[in-house]
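**Student:**
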Amino acid sequence: MRRQTRNQISGPRSALTDFLASNNISAAQIHDDYQRRLREAESQANEGQEERLTDEEYEDNIGETPEERKKRKRKEAATLAKIKQSKEFARRKARRIGEPDDEDELIAREMLKERARPMPGQLENCEICSKRFTVTPYSKTGPQGGLLCPKCSKEVGDKEKKLQPKKKGPRTTRRQNQSDLLDGITQHGALSLVEMCTKKVADNIQDITEFGDLPWQPLRRLSQILSKRRALTPRTLDLFLRPDLGFIDICDSGKLETDDFRKIFTFMPALTSVNLRFAGQLKDDVIDYMLDRNLSIRHLQLDSANLVSDLRWRQVFQKLGDKLETLRLSNLDSSLDDESIEVMCKHCTGLRRLKLTQCWRMCDRSLRAISTLPSLEHLSLDLIQETKTDSLVELVSRLGSNLRSLSLRGFSSADDTLLEMIHNKCRHLRKLRFSDNSVCTDKGFNELFLNWLNAPLEIVDLSSTRDVDNTNPNGPPDAIGLASNGFAALMRHSGSAIRILNIASCRHISYAAFEEAFAEGKNYPNLKELDVSFHGVMDDYLVGRILQCCPAIQKVVAFACFSVREPQVPKGVSLIGGLRTQDSLA
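Numbering (the working numbering), first residue to last: 3 to 588.
1) Only counting the same chain, and skipping five residues up and downstream in sequence, which positions put a Cβ closer than 8 Å to that of K257?
2) If contact is defined by three or more beta carbon pairs under 8 Å, each pair taking one atom from either stretch, is the stretch 518 to 534 in contact with the stretch 469 to 482?
3) Tell me the residue span of the beta strand (DSSP E) that contains I461.
4) Evaluate E61 with the Cβ neighbour count: other Cβ atoms within 10 Å of its Cβ, from every protein chain shown; 16 or more gives buried, anything less gives exposed.
5) Out of S409, L450, K433, M113, state which residue places its alpha-carbon closest to the alpha-carbon of T419.
6) If you reduce the DSSP assignment to three classes, tell me which class E157 lands in.
7) I think V566 touches G579, with their Cβ atoms under 8 Å apart; what is that distance to the nearest whole Å?
8) Can you give me the C-alpha to C-alpha distance between S255 and D305, rounded to a whole angstrom?
9) Where does N1 sit, in a helix, a strand or coil, going by DSSP?
10) Which value, in whole angstroms, describes the spacing of the CA atoms of R330 and D240?
11) Express the C-alpha separation of C350 and I505 in angstroms, rounding to a whole number.
12) Using a Cβ-Cβ cutoff of less than 8 Å, which residues in the same chain neighbour D417 once the five nearest sequence positions on both sides are dropped?
13) Taking C-alpha atoms, which residue in L383, L378, S373, M346 lies nearest to Q360?
14) In three-state terms, what does DSSP make of D57?
15) Helix, strand or coil: how does DSSP classify K133 here?
16) Using a threshold of 8 Å, state whether the C-beta atoms of R279 and I252 are closer than that.
17) Beta carbon of K89, beta carbon of A110: below 8 Å?
18) Use the C-beta contact count for C199: other C-beta atoms within 10 angstroms, 16 or more gives buried, fewer gives exposed.
19) Buried or exposed, going by whether 16 or more other CB atoms sit within 10 Å of the CB of A371?
20) Name, in chain order, the residues that DSSP records as bridge partners for C361.
21) Once DSSP output is grouped into helix, strand and coil, what is the label at P172?
22) My assumption, with CB atoms under 8 Å, is that A499 sits in contact with L459. Please give the rounded CB distance.
23) If we count the other Cβ atoms within 10 Å of its Cβ and call it buried at 16 or more, is D444 buried or exposed?
24) Using DSSP's beta-bridge definition, name the partner residues of H380.
25) Using the DSSP secondary-structure output, state which residues sit across from D305 in a beta bridge.
26) Please report the straight-line C-alpha distance between S368 and L375, rounded to a whole angstrom.
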């Protein structure tokens with residue numbers, strides 16, 4: 003018997019119908035949701051219209067009775083209370099954290115005015131041209147708070163766009179270029195990939211959590227960049243504290259506290275090299291903690307550690323003893339006296355490098371004590387107190403035969419006997435600095451370099467050795483400081499090997515002396531940096547001769563050389579100074 007079926011009418015089914023059926027999506031449900039959204043929109047429109055009419059009544063109904071006024075205020079308060087309970091009000095209030103509590107009322111009234119605006123789909127008159135138009139969600143607000151038609155909206159938008167300043171792309175300004183030059187960065191063209199990545203890390207240092215296994219070269223470079231930007235804080239310091247590292251190199255510790263210094267010696271037990279500059283909060287208890295850790299520190303450099311007492315300095319020298327190979331102390335005005343230096347020379351007999359700069363309490367006793375160090379090869383002194391020439395002469399007499407570099411800055415009373423002792427005793431110097439002196443004569447400098455058995459120098463700084471009588475700019479008949487004869491003798495002796503030469507403010511070197519030293523046919527193959535600042539005779543021609551005779555030159559400093567105007571500087575050479583420094587750096 004055949005099964006009876008109901009008569010059914012079926013038509014073609016579209017792909018959309020099949021898709022909706024397969025995903026259990028009901029067309030009736032879609033229709034119901036659409037009708038519900040229409041009802042909600044209509045309800046909100048009616049509510050907004052009611053609130054707008056109510057708001058207009060608040061403003062226009064001046065002659066209302068006391069009962070009507072009370073009723074209006076009750077209705078206004080109820081509307082504002084309803085607004086304050088909404089999520090939109092909470093979001094707007096959260097964006098204004100820190101403002102007074104009475105701002106709540108202002109926020110609620112702002113929202114009340116916004117709700118009074120026509121809803122999308124309604125008709126409104128344009129504030130500017132009074133044309134009737136349909137309100138959309140993109141309708142702009144006019145200057146008086148009304149809405150604008152599409153044409154007026156476009157015109158207002160175009161005017162605002164013209165008033166906005168054009169965004170400029172990133173570029174390297176001349177100010178940044180000058181800063182790099184003064185820092186010794188004379189590279190032309192694109193930076194290396196390592197340098198670019200290092201600077202990118204420094205730019206986003208607040209988002210960095212650790213450096214990982216970063217090699218020591220970029221790690222030191224990061225420390226320099228952050229120090230220059232004054233961005234080395236207790237938080238960024240933690241990035242440099244790695245137990246496996248044997249060095250800490252902080253060029254600016256100005257924002258570090260006492261506990262931060264203690265943390266360095268806690269987390270870095272393998273330290274052998276310590277360099278902390280501007281360490282104003284380094285105190286006695288930190289020194290005690292460092293000594294208790296029994297660290298094998300061989301290289302120590304501290305700057306501005308004025309809160310460390312003389313007693314602690316002596317304990318440092320006694321504890322480190324023969325292990326200390328390098329000691330650099332600078333900007334100490336309240337500690338490190340002569341007795342502390344004597345203790346250092348007694349216990350730290352293995353010192354090979356010693357640098358004492360701007361140490362206020364040292365004098366002749368310290369110089370006599372330093373002269374007893376048997377292993378010293380590199381010596382740099384810049385003292386504040388006046389010392390006798392005999393003390394310096396004795397120091398050079400004892401140490402000169404072993405010295406590789408000698409830097410004496412600020413010994414204004416030293417005379418030609420010191421230059422004579424350097425000539426007689428020093429045979430292995432590669433670097434010589436003798437600056438800020440107004441007693442030694444040009445004859446003394448000439449005899450220093452004439453037939454000197456020392457090998458040609460690589461680094462020479464004889465800046466500011468000149469007569470300081472401003473009433474006699476040409477100087478006395480017998481020239482004081484490095485002058486023409488001394489400069490000629492220097493170039494004959496060391497011109498073949500010299501790499502860095504600083505003769506700034508040696509104002510008695512004549513034009514003829516420069517012209518002879520850099521004459522055609524002369525060649526100084528290793529000279530890379532030359533400072534001829536405050537030489538009034540320097541001009542474009544002499545700069546051109548210098549560039550011609552020095553094929554490896556990279557930087558020429560010529561501050562206050564007002565005759566240097568527009569020299570032809572080849573690519574790869576940086577000229578700092580001249581009249582171009584008068585231009586704006588912006």
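Backbone N, C-alpha and C fix where the C-beta goes; we use that ideal spot for every residue, glycine too.
**Tutor:** The short version:
1) R232, L234, T235, P236
2) no
3) 461 to 463
4) Confidence at E61 is low in this model, with a pLDDT of 45, below 50, so its placement is unreliable and the value that follows should be read with caution. That one is exposed.
5) L450
6) helix
7) 7 Å
8) 9 Å
9) Residue 1 falls outside the range modelled here, since the chain spans only 3 to 588, and no answer is possible.
10) 25 Å
11) 35 Å
12) T391, V441, C442, G446
13) L383
14) Here the model assigns D57 a pLDDT of 46, short of 50, so the residue's position is not dependable and the matter cannot be decided.
15) coil
16) yes
17) no
18) exposed
19) buried
20) L334, L385
21) Bear in mind that a pLDDT of 48 at P172, under 50, signals an unreliable position, so the model cannot answer this.
22) 7 Å
23) buried
24) R355, S407
25) S332
26) 12 Å
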